[in-house]
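Undergrad:
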Amino acid sequence: MTLASTLLLAFAMSTDAFAAAIGKGAALQRPHFREALRTGLIFGSIEATTPVIGWAMGMAASRYVAEWDHWIAFTLLLLLGGHMIKEGFSQSEDEENERPTRHSFLRLALTGFATSIDAMAVGVGLAFVDVNIVSTAAFIGLATLTMVTLGVMLGRVLGQVVGQRAEIVGGVILIGIGSLLLMEHLGVLA
């Protein structure tokens, strides 16, 4: 693979995470750059690891990953998004001012994993191409780190504009990402 195709692949793999990060940033009370970077590091680490796992699984498991990846991602994003929407509707105006300043590691890791399952499937495909999986995974991780950090900061602006319903918007974004992934894999968006 050429450097240009590796970079394109890296940024393509980070688009789902970018959209999810906007929702995560919107749900927080004015997140600082440090929190955006923390979120980017978590997502980037996961996004860099999953293609390596997929690559290691090789041809033997590709059928199973390809058959279920979209359902796993959809279910995780639906549950996380639904929880965020529920929280958004249950907040009073006083609680709006008490939005969290950071998300738990577990919540970020689950979202990061849900948005990186496609990278695992890509990793399986990369096992059959002349590619340095370590450098490719590093590019994917760095692209995701960058895009997610920017996404959280963009979500900060969105959170200020949307106000009390920012968590609802974030939940809708996560469900939308999951739905798009599912429709894409089912061939609805072909």
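Just so you know, the sequence shown maps onto residues -19 to -1, 1 to 171 in mature numbering (1 follows the signal peptide of the UniProt record, and there is no 0). The C-beta atom is built at its ideal place from N, Cα and C for all residues, glycine as well. Fair warning: this is a prediction, and the values are worked out from it, not measured in the lab.
#1: Using 8 Å as the cut-off, can you tell me whether the segment 52 to 59 makes contact with the segment 112 to 126, which would need three or more C-beta pairs spanning the two stretches below that distance?
#2: Under three-state DSSP, which class holds L9?
#3: Under 8 Å by Cβ, that's how I've got T92 and L135 pegged, so tell me the actual separation to the nearest angstrom.
#4: Grouping DSSP H, G and I as helix and E and B as strand, with all else coil, what is L170?
#5: Going by the beta-carbon positions, is the gap between E28 and A(-3) smaller than 8 Å?
#6: Taking I149 and A(-1) to be in contact with their CB atoms under 8 Å, please state how far apart those CB atoms are, rounded to whole angstroms.
#7: Cβ of P32 within 8 Å of Cβ of A100?
#8: How is the alpha helix (DSSP H) around D111 delimited, first residue to last?
TA: In short, the structure shows the following:
#1: no
#2: In the sequence shown, the residue the question calls residue 9 occupies position 28. Looking at L9 - three-state DSSP - the assignment turns out to be coil, as it is neither helix nor strand.
#3: As a first step, residue 92 is located in the sequence shown; it is residue number 111 there, counting from the start. As a first step, residue 135 is located in the sequence shown; it is residue number 154 there, counting from the start. That pair is no contact at about 16 Å.
#4: For the purposes of this step, residue 170 is identified with residue 189 of the sequence shown, where counting begins at 1. Coil.
#5: Taking the first residue of the sequence shown as position 1, residue 28 is located at position 47. Taking the first residue of the sequence shown as position 1, residue -3 is located at position 17. Yes, they are a contact pair.
#6: Against the sequence shown, residue 149 aligns to sequence position 168. Against the sequence shown, residue -1 aligns to sequence position 19. Not a contact, Cβ separation roughly 16 Å.
#7: Locating residue 32 in the sequence shown gives position 51, counting from the first residue. Locating residue 100 in the sequence shown gives position 119, counting from the first residue. Yes, Cβ-Cβ distance for P32 and A100 is below 8 Å.
#8: Within the sequence shown, numbered from 1, the residue matching residue 111 stands at position 130. Here D111 belongs to no alpha helix (DSSP H), and DSSP marks it neither H nor E.
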